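Read the structure below first, then the notes.
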Amino acid sequence: MPTRKIEVRLGQNSYDIHVGSGILGETGQMLQELGLSNKAVVVSNPTVWGLYGARLQASLTAAGLTVVILEVPDGEQYKTLESAGKLYGQLAESGAERSTAILALGGGVIGDLAGFVAATYMRGIPLVQLPKTLLAQCDSSIGGKTAVDHGNLKNEIGAFYQPKITIADISVLRTLPQAELTGGLAEVIKYGVIRDEPFFTYLETHLDQIKALDEKALETIVARSAVIKAEIVACDERDMGLRNILNFGHTVGHAVESVSNFQVAHGQAVSIGMVAAAKIAVKLDIMPSEHAVRLIKILAKTGLLTTLPPLEVKDIISKMRFDKKVMHGKIRLVLPRSIGQVFITDDVDTAIVEQVLGEMK
Ligand SMILES: NC(=O)c1ccc[n+]([C@@H]2O[C@H](COP(=O)([O-])OP(=O)(O)OC[C@H]3O[C@@H](n4cnc5c(N)ncnc54)[C@H](O)[C@@H]3O)[C@@H](O)[C@H]2O)c1
């Protein structure tokens, strides 16, 4: 199957995203073509390294690169300044220089952490993203946001830092746990709603193939998601305006995630948030109800939550208030006008949000 190439247009920071099946084995050659042919430091976790490390290492050594492997334990709890600190020390010990590339081999956790380290070690060394989850391929590896968590600050210590290249090998999605795949699909469906009705229709008509991990379907959804995110990021690299539409479903979603003590996974919480936003839009006569029905149907068919688990609505609203998403009784939300079009508003009364969440129980 031919590889698809997506250009992320960011002036001097422009780079390509390659999407295809089996292309992890071409990493060495692609780095050579970019002039990154000196030393490669791979940052990964034991889970992903165990599955894909040998294939990557063979490709890099065949291209004449010296390879150093740095492992971080698996889990969000290791996306910290402490882990970054250990990596800085290991980079120095291994003789990493300004020209040494960091290769992030993993999901969004590794991508964010290794990206942050690449952005800050020696004030910036080349970064290569090798995303291995659906979420990382469609979302977190695109757009240059790198971050660590610190105490209560989730993703708030970080840097905007673009990779030199991103290589998304969709064949690796075969080993992904089902829940991770389902969660990633929430973000994919989000792209259809915020920007691309034909893509949403494609998802409706090809969901069975996607769930069966048909490679052509996976390649299509990863490539299309990457194009949409890349276009949005190209308009607003530093997240000052348009990029906010990527938060569709996330305002309520983050609050649900947090109030549930992270028992509701991110993708599931975003799904609940998207349903809430759609229902609010229908209630306010902004969107015809048929569009909300389509959204709820595809989310449910995907295996995502469309109703609220037993959580207190009041706690969810308080959480949003704490996150400063509520000002003077009004809440900032991304609302759909239709499948394919959304807008940002600061004008929704919390009472409406409360009512809709109450009806979603
Ligand atoms: N930078 C951004 O713009 C951005 C956007 C969204 C999310 N994020 C961040 O991304 C993180 C979540 O990323 P995630 O959902 O990829 O989780 P993750 O990185 O924790 O990966 C999920 C699990 O799947 C395993 N795994 C990864 N690839 C695999 C494969 N191919 N086969 C088998 N197992 C595999 C991982 O080891 C891990 O256990 C969060 O920290 C979040 O804040 C960042």
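Position 67 of the sequence shown, counted from 1, bears residue number 105 in the numbering used here, the numbering being contiguous throughout.
Glycine included, C-beta positions come from ideal geometry on N, C-alpha and C.
Quick caveat, the model's predicted, so the values are computed rather than measured.
- Counted as a single uninterrupted DSSP element, the stretch harbouring I208 is not any alpha helix (DSSP H), since DSSP gives it neither H nor E.
- Per DSSP, the unbroken beta strand (DSSP E) holding K43 starts and ends at R42 to V46.
- I140 and G162 have their C-alpha atoms spaced approximately 10 Å apart.
- Under the 10 Å beta carbon count, C273 is surrounded by fewer than 16 other beta carbons and is classified as exposed.
- DSSP places L143 in the uninterrupted beta strand (DSSP E) bounded by A139 to G144.
- Shown here, N282 sits in a helix according to DSSP, grouped into three states.
- Judged by DSSP secondary structure, H288 falls within the alpha helix (DSSP H) whose first and last residues are H288 to V297.
- By the Cβ-count criterion, E71 is exposed, with fewer than 16 other Cβ atoms from all chains shown falling within 10 Å of its own Cβ.
- DSSP places R136 in the coil class of the three-state scheme, outside both helix and strand.
- The C-alpha of V166 is placed about 17 Å away from the C-alpha of G102.
- Distances from the CB of E114 to the heavy atoms of ligand 1 include at least one below 7 Å.
- A straight line joining the alpha-carbon of A319 with that of P84 spans about 44 Å.
- In terms of CA proximity to W87, P169 leads the group L74, G222, I232 and P169.
- A100 sits away from T158, with the two beta carbons spaced by 8 Å or more.
- In its chain, beyond the 5 residues on either side, E114 and K117 have a beta carbon closer than 6 Å to the beta carbon of V147.
- Closest option to R93, judged by alpha-carbon separation, among A122, T104, L62 and M68: L62.
- In this structure, the CA atom of L322 is about 57 Å from the CA atom of V105.
- The residue among V391, P348, P374 and V331 with its C-alpha nearest the C-alpha of R359 is V391.
- Assignment of A101 by DSSP, reduced to helix, strand and coil, places it in the coil class.
- A residue is called buried once 16 or more other Cβ atoms fall within 10 Å of its Cβ, and Q175 is buried on that count.
- Within 10 angstroms of the beta-carbon of S327 lie fewer than 16 other beta-carbons, which makes it exposed.
- Around the C-beta of S137, fewer than 16 other C-beta atoms lie within 10 Å, and the residue is accordingly described as exposed.
- Here P326 carries a coil assignment [DSSP, helix/strand/coil].
- Residue range E253 to C273 is occupied by the alpha helix (DSSP H) that includes V260, with no beta strand (DSSP E) assigned at that position.
- Per DSSP, reduced to three states, the secondary structure at Q200 is coil, with no helix or strand assignment.
- When K357, K399, Q379 and G127 are compared, the shortest CA-CA separation from H292 is found for K357.
- Between G230 and L241, the beta carbon gap of about 6 Å places them in contact (Cβ cut-off 8 Å).
- Look at G153 here: in three-state DSSP terms it is helix.
- Annotated three-state conformation of F300 is coil, per DSSP.
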